[in-house]
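Q: Counting from 1, one number per residue, gives the positions in the sequence shown under UniProt numbering.
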Amino acid sequence: MNPIHNTELDLNLLPVFDALIRVRNVSRAAEELGMSQSAVSHALKRLRLFFADPLFLKTGAGMQPTPKALELVRPVLAVMGTVRADLLVHEGFDAATSRRSFGLCLTDMGELIFLPRLIERLRQVAPSCTLRTLQVAPRQVFAALESGEADLAMGSLHSMPEGLFQQQLFMRTFVTIVNRNNKGIGAAMSAERFFAMEHIVVSLSGRREDSYDSVIDQLDGRRRVYLTTPHFLTVPMIIEQNPQLIATVPRELATEFVRYKTVRMVETPVKLPPFAIRQHWHPRYHHDAANTWLRKLVKDVFDGRPE
Numbered sequence: 001m002n003p004i005h006n007t008e009l010d011l012n013l014l015p016v017f018d019a020l021i022r023v024r025n026v027s028r029a030a031e032e033l034g035m036s037q038s039a040v041s042h043a044l045k046r047l048r049l050f051f052a053d054p055l056f057l058k059t060g061a062g063m064q065p066t067p068k069a070l071e072l073v074r075p076v077l078a079v080m081g082t083v084r085a086d087l088l089v090h091e092g093f094d095a096a097t098s099r100r101s102f103g104l105c106l107t108d109m110g111e112l113i114f115l116p117r118l119i120e121r122l123r124q125v126a127p128s129c130t131l132r133t134l135q136v137a138p139r140q141v142f143a144a145l146e147s148g149e150a151d152l153a154m155g156s157l158h159s160m161p162e163g164l165f166q167q168q169l170f171m172r173t174f175v176t177i178v179n180r181n182n183k184g185i186g187a188a189m190s191a192e193r194f195f196a197m198e199h200i201v202v203s204l205s206g207r208r209e210d211s212y213d214s215v216i217d218q219l220d221g222r223r224r225v226y227l228t229t230p231h232f233l234t235v236p237m238i239i240e241q242n243p244q245l246i247a248t249v250p251r252e253l254a255t256e257f258v259r260y261k262t263v264r265m266v267e268t269p270v271k272l273p274p275f276a277i278r279q280h281w282h283p284r285y286h287h288d289a290a291n292t293w294l295r296k297l298v299k300d301v302f303d304g305r306p307e
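(1) Which runs of the beta strand (DSSP E) spanning at least 3 residues fall entirely within the segment 251-304, listed in chain order?
(2) Tell me the DSSP bridge mates of residue 247?
(3) Cβ atoms of residue 128 and residue 172: under 8 Å apart, would you say?
(4) From the DSSP output, which residues share a beta bridge with residue 103?
(5) Compute the distance between the beta-carbons of residue 263 and residue 232, then report whether it is under 8 Å.
(6) With C-beta atoms as the reference, is residue 22 less than 8 Å away from residue 148?
(7) Please name the residue, chosen from 261, 139 and 274, that lies closest to residue 248 on a Cα-to-Cα basis.
(8) Tell me the DSSP secondary structure of residue 170 in three-state form.
(9) Kindly examine the ligand MG and report whether one of its heavy atoms sits closer than 7 Å to the Cβ of residue 53.
(10) Which of helix, strand or coil does DSSP assign to residue 51?
(11) Do residue 93 and residue 276 come within 8 Å of each other at the CB atom, strictly closer than that value?
(12) Could you please give me the residues that DSSP links to residue 65 through a beta bridge?
(13) Determine the contact status of residue 62 and residue 24, defining contact as a CB-CB distance below 8 Å.
(14) What's the gap between the Cα of residue 16 and the Cα of residue 44?
(15) Taking 8 Å as the cut-off, decide whether the C-beta atoms of residue 71 and residue 284 are in contact.
(16) For residue 225, write down the residues that DSSP places opposite it in a beta bridge.
(17) Taking its Cβ as the centre, do 16 or more other Cβ atoms sit within 10 Å of residue 286, making it buried, or is it exposed?
(18) Can you confirm whether the segment 129-144 touches the segment 239-259 when touching is taken to mean that 3 or more C-beta pairs between the two stretches lie within less than 8 Å?
(19) If we ignore side chains and look at the alpha-carbon of each, how far apart do residue 190 and residue 227 end up?
(20) With distances taken Cα to Cα, identify the nearest neighbour of residue 106 among 123, 151, 67 and 185.
(21) Just to confirm my understanding: we take residue 208, look at its own chain, exclude 5 residues before and 5 after, and list those with CB closer than 8 Å. What are they?
(22) Taking the beta carbon of residue 34 as the centre, do at least 16 other beta carbons fall within 10 Å, making it buried, or is it exposed?
(23) Got a sec? Which residues, its chain only, sit under 7 Å from residue 164 by beta carbon, not counting five neighbours each side?
(24) I'd like to check one pair, residue 219 with residue 102: are the Cβ atoms closer than 8 Å?
(25) Between residue 253 and residue 109, how many whole angstroms is the CB-CB distance? I'm expecting something under 8 Å.
(26) Express the C-alpha separation of residue 28 and residue 104 in angstroms, rounding to a whole number.
(27) Let me confirm a value: residue 223 is counted as buried when at least 16 other C-beta atoms fall within 10 Å, else exposed. Which label applies?
(28) When the Cα atoms are used, what is the spatial distance from residue 258 to residue 299?
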C-alpha cells in the first residue's frame, strides 16, 4: 500500500518533512521555511500521528530519521516534485529574502576550490541563504540529489550514474607534488624517476580504477601505488613525513598545498589530458526555481575559471 494517502494527508505538511529530512533540525527547518519553530513542531506532530511513527528521533548528532521516514522520502518527494512542476514553475525565487539552505555534494578538494568564492558571492546576492556540504560516495550522489538532500554535486566526479543533468564549468590540468626537501628530485622529473617513486592516489570509492588520476594507469601501467585514500587534503602532510611518496593532483589544489610549504610542485612527466569540472543536478529539480537560480549563480562564478 502507498504510505501516503493524499486524500487524507494535508499536502502543506510535506515541505516540513522535506526540510527536516534534509537539515535534521527543527529550528533550521523553521528558518528555511519561514515558519516559527512551534509551527514546525506542530506540523511534525501531525505527520507523526498520520504515519503512526516518530519519523525523527533526537540524538547527540541531531535529529535522525527512522526507517519509516527514510521509506517515505521517495514518495514524499515524488508528490512535491509533481506539485512544483505543475504549479510552482512560474513562482520564482527571491534570493534577496529567501532563507533557503542549499546542499552541495563536494569532496574536500571541492570545498577548497568552490566554497571561498561561492560563499563570497552568495553573501552578496542572497544574504539570508546558507550552505551545507555533503561528502558521499559516488554511488550515493544520485540518491542525495533525487531526495533533495543535496541541490547540486560539483567537481570531477568519476563513476557518476546516468540520468543526471550536467553542465561544464571549467577545465583543469594535473601536476605532481613532491616533498619539498627531496634532493633526488630537481625542478623537473623524468618519466623514469616518476614511475620509480611510490604514489598516493585519491579515490572516493577506494578503488584504484576510480582514482582521479587513473588516466596515468591507462597510459602506462608501471605506476607503483603505495596508498589509496578518499581525502585530498591529507596528501601533503603524508608526503611531508614520507619523502619517498609523490602524488599527482589538480594544479589548482597543488598551488594551495605549496602555500603551506610542505610540498613543491613539478610538471608531471607523463602527458595527461585536461579534465572537466562540472555541476550535476537531478531532473526532478530541473525546473525548480531555487535550483535553477543556484545553478546560474555557480555558472556565473566559475564559468571558464582560469588556472
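We put the beta carbon where it would ideally sit given N, CA and C, even for glycine.
A: According to the structure shown:
(1) As far as the segment 251-304 is concerned, its whole beta strand (DSSP E) runs of at least 3 residues are 263-266 and 275-281.
(2) Residue 247 is bridged to 177 and 200.
(3) No, the Cβ-Cβ distance between residue 172 and residue 128 is not below 8 Å.
(4) Paired residue(s): 132.
(5) Remark: C-beta atoms of residue 263 and residue 232 do not approach each other more closely than 8 Å.
(6) Closer than 8 Å, so yes.
(7) Among 261, 139 and 274, the Cα nearest to that of residue 248 is on 274.
(8) Note: residue 170 maps to strand in three-state DSSP.
(9) Among the components of this structure there are no ligands whatsoever, and the ligand MG is therefore not found.
(10) DSSP, reduced to helix, strand and coil, places residue 51 within a helical segment of the structure shown.
(11) Not closer than 8 Å, so no.
(12) 56.
(13) Here residue 62 is near residue 24, since their CB atoms are less than 8 Å apart.
(14) The alpha-carbon atoms of residue 16 and residue 44 are separated by roughly 7 Å.
(15) No; because the gap between Cβ atoms is not below 8 Å, this pair is not in contact.
(16) According to DSSP, residue 225 bridges with 199.
(17) By the 10 Å Cβ count, residue 286 comes out exposed.
(18) When C-beta atoms of the segment 239-259 are compared with those of the segment 129-144, fewer than three pairs fall below 8 Å, so the two segments do not count as touching.
(19) So the two alpha carbons sit approximately 22 Å from each other.
(20) If we check each option's Cα against that of residue 106, 151 comes out closest.
(21) These residues qualify, in order along the chain: 201, 214, 217, 225 and 228.
(22) Exposed: under 16 other Cβ atoms inside 10 Å.
(23) Apart from the 5 residues on each side of it in sequence, residue 164 sits with its Cβ closer than 7 Å to the Cβ of 142, 145, 280, 281 and 282 in its chain, given in chain order.
(24) Taking 8 Å as the cut-off, the Cβ atoms of residue 102 and residue 219 do not count as close.
(25) Rounded to the nearest angstrom, the Cβ distance from residue 253 to residue 109 is 6 Å, consistent with a contact under 8 Å.
(26) For residue 104 and residue 28, the gap between their C-alpha atoms comes out near 17 Å.
(27) Residue 223 counts as buried, since no fewer than 16 other beta carbons sit within 10 angstroms of its beta carbon.
(28) Going from the Cα of residue 258 to the Cα of residue 299 covers about 28 Å.
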